[in-house]
Amino acid sequence: MSEILVLVEQVEGEVKKVTLELLTLARTLGTPAAVWAGPGITAEAKARLAEYGADKIYVAGSSDLVDHVVAPKAELLAQLVTSASAAAVLVAATAEGKEIAGRLAIKTDSGVITDAVGLGEGFVADQSIFGGGVNVHSKVRKGTPIVAVRPNSTAPVPAAGAGVEEEVSLTLSDAAKATRVVERVKQEKGARPELTEAAIVVSGGRGVGSAENFSVIEGLADALGAAVGASRAATDAGWYPHQFQVGQTGKTVSPQLYIAAGISGAIQHRAGMQTAKTIVAINKDPEAPIFELADYGVVGDLHQVVPQLTEEVNKRK
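Using our numbering, the first residue of the sequence shown is number 5, and each one after it goes up by one.
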């Protein structure tokens, strides 16, 4: 079977969950080949990639790939598309991933699909558009299909691959080195799991009422070992940082359990969480649209319901 290139997302040598999702998806369509861009690959990272089906791991260890912005990774993938006669390229639909996909499409004279939530036979992509209100099927008609897949749209499933490492040398063009990274600031990681990779997410919306009241949402999240999310209304009001926004213009999550407290359920928010396995809604308005999507609903004041729920969870620890 033809190789399907998967660009590895990693932080300090730790492979991110979205890469495991892409490898799982690639296995259904061809032979997965992971592409590691930059220095720092570890034995643990290689084992992780092989565990989820990477038959081959292309390692381009040059620091140039991370010392310059985006363009070097596009050149690396373009080289591999040619040398490996790749059937397709999968990247994460992050801000960087989508830019890499666009640049790669130009370099290889190929079509590109972004924000896919599924990929079937013939590389036909499923896309959710208009805030999740319409599902469409799309297919690249020219060149090598390049698809940016939304994180959390595929459940990662282990299936051992050979994990054969192959070193790749790359000479970058002057254009790719035109912009250089001059400084990196490390954001301190809290005790809670990362929002897009969490198994449980507790989100608060307009019904929370204030920034101070978000402590109620945080208390339940901490009791459950969950990540904290917020609706756009809450982040626009300045009650919670924008990086925790869930929705069409925020992050897409697909946890095992999603608890929406004080969130009405506008279509823009639903677009970011509707693929959660189990959805629990807490809202004092029985007509709130979120109840149409919820598996379980509680009609009541979140300021009474959530503390009681937190207390019961803590009792069972």
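A virtual CB, placed ideally from N, CA and C, is assigned to each residue, including glycine.
Here the structure is a predicted model, which is why all the values come from computation and not from measurement.
Thinking just about the alpha-carbon of each residue, which of 15, 39, 302 and 237 is nearest to the one in residue 190?
Checked all of 15, 39, 302 and 237; the closest Cα to residue 190 is 15.
Nearest to residue 123 by CA position, among 100, 95 and 112, is which residue?
Of the listed residues, the one whose Cα sits closest to residue 123 is 95.
Taking 8 Å as the cut-off, decide whether the C-beta atoms of residue 286 and residue 270 are in contact.
No; because the gap between Cβ atoms is not below 8 Å, this pair is not in contact.
Could you tell me which of 87, 130 and 45 sits nearest to residue 65, measuring between CA atoms?
Per the Cα distances, 45.
Determine contact between the stretch 105 to 113 and the stretch 72 to 80, defined as no fewer than three beta-carbon pairs at a distance below 8 Å.
With a cut-off of 8 Å, the stretch 72 to 80 and the stretch 105 to 113 count as touching, because enough Cβ pairs lie within range.
Taking 6 Å as the limit between beta carbons, can you name the residues of its chain near residue 201, skipping five residues before and five after?
Same-chain partners within the cutoff: 21.
Closer than 8 Å is the cut-off here; do at least three beta carbon pairs connect the stretch 228 to 238 with the stretch 165 to 177?
Short answer: they don't touch.
Three Cβ pairs or more, each shorter than 8 Å: is that satisfied between the stretch 30 to 42 and the stretch 135 to 145?
No, the stretch 30 to 42 is not in contact with the stretch 135 to 145.
Considering only their Cβ atoms, is the gap separating residue 211 from residue 250 smaller than 8 Å?
For residue 250 and residue 211, no; Cβs fall outside 8 Å.
Three or more beta-carbon pairs under 8 Å between the stretch 239 to 256 and the stretch 287 to 294, yes or no?
No contact exists between the stretch 239 to 256 and the stretch 287 to 294.
Give the DSSP bridge partners of residue 56, in chain order.
Answer is none; residue 56 lacks a bridge partner.
Evaluate residue 259 with the Cβ neighbour count: other Cβ atoms within 10 Å of its Cβ, from every protein chain shown; 16 or more gives buried, anything less gives exposed.
Buried is the call here.
Taking just the CA atoms, how far does residue 283 sit from residue 38?
Approximately 33 Å between the Cα atoms of the pair.
Between the Cα of residue 121 and the Cα atoms of 102, 34, 155 and 162, which residue gives the shortest distance?
Checked all of 102, 34, 155 and 162; the closest Cα to residue 121 is 155.
In whole angstroms, what is the alpha-carbon distance linking residue 163 and residue 288?
Answer to the nearest angstrom: the Cα atoms are 45 Å apart.
Quickly, what does DSSP pair residue 139 with across the bridge? List them, please.
For residue 139, which the question treats as bridged, DSSP gives the partners 132.
Ignoring anything shorter than 4 residues, give me the alpha helix (DSSP H) runs that lie fully in the stretch 79 to 131, in order along the chain.
Complete alpha helix (DSSP H) runs here, min 4: 99 to 112.
With DSSP as the reference, please indicate the residues paired to residue 319 in a beta bridge.
Bridge partners of residue 319: none, in fact.
Starting from residue 244, follow its DSSP beta bridges and name the residues at the other end.
Partner(s): none; residue 244 has no beta bridge.
Look at the alpha carbon of residue 254 and the alpha carbon of residue 280, and state the distance between them as a whole number of angstroms.
If I take the Cα positions, the gap works out to 16 Å.
At which residues does the alpha helix (DSSP H) containing residue 301 begin and terminate?
Note, residue 301: premise wrong, no alpha helix (DSSP H); beta strand (DSSP E) at 300 to 303.
Are residue 102 and residue 112 closer than 8 Å when you measure CB to CB?
No. Outside cutoff.
From the DSSP output, which residues share a beta bridge with residue 264?
Partner(s): 207 and 285.
Which of the three DSSP states, helix, strand or coil, is assigned to residue 171?
Of the three classes helix, strand and coil, the one that applies to residue 171 here is strand, per DSSP.
May I ask which residues mark the beginning and end of the beta strand (DSSP E) holding residue 7?
Looking at the DSSP string, the run of the beta strand (DSSP E) that includes residue 7 is 7 to 11.
Between 315, 240 and 8, which lies nearest to residue 89 when the distance is taken from Cα to Cα?
Of the candidates 315, 240 and 8, the one whose C-alpha sits nearest the C-alpha of residue 89 is 8.
Going straight from the alpha carbon of residue 54 to that of residue 298, what length do you get?
So the alpha carbons of these two residues sit roughly 37 Å apart.
Helix, strand or coil: which one does DSSP assign to residue 200?
Helix.
So the candidates are 239, 272 and 11; which of them puts its Cα closest to the Cα of residue 63?
Taking only the C-alpha atoms, the option nearest residue 63 is 11.
Taking the alpha helix (DSSP H) that residue 28 belongs to, which residues open and close that run?
Note, residue 28: alpha helix (DSSP H), 21 to 31.
Note down, in chain order, each residue of its chain lying with its Cβ closer than 7 Å to the Cβ of residue 133, except the 5 sequence neighbours on either side.
Around residue 133: 140.
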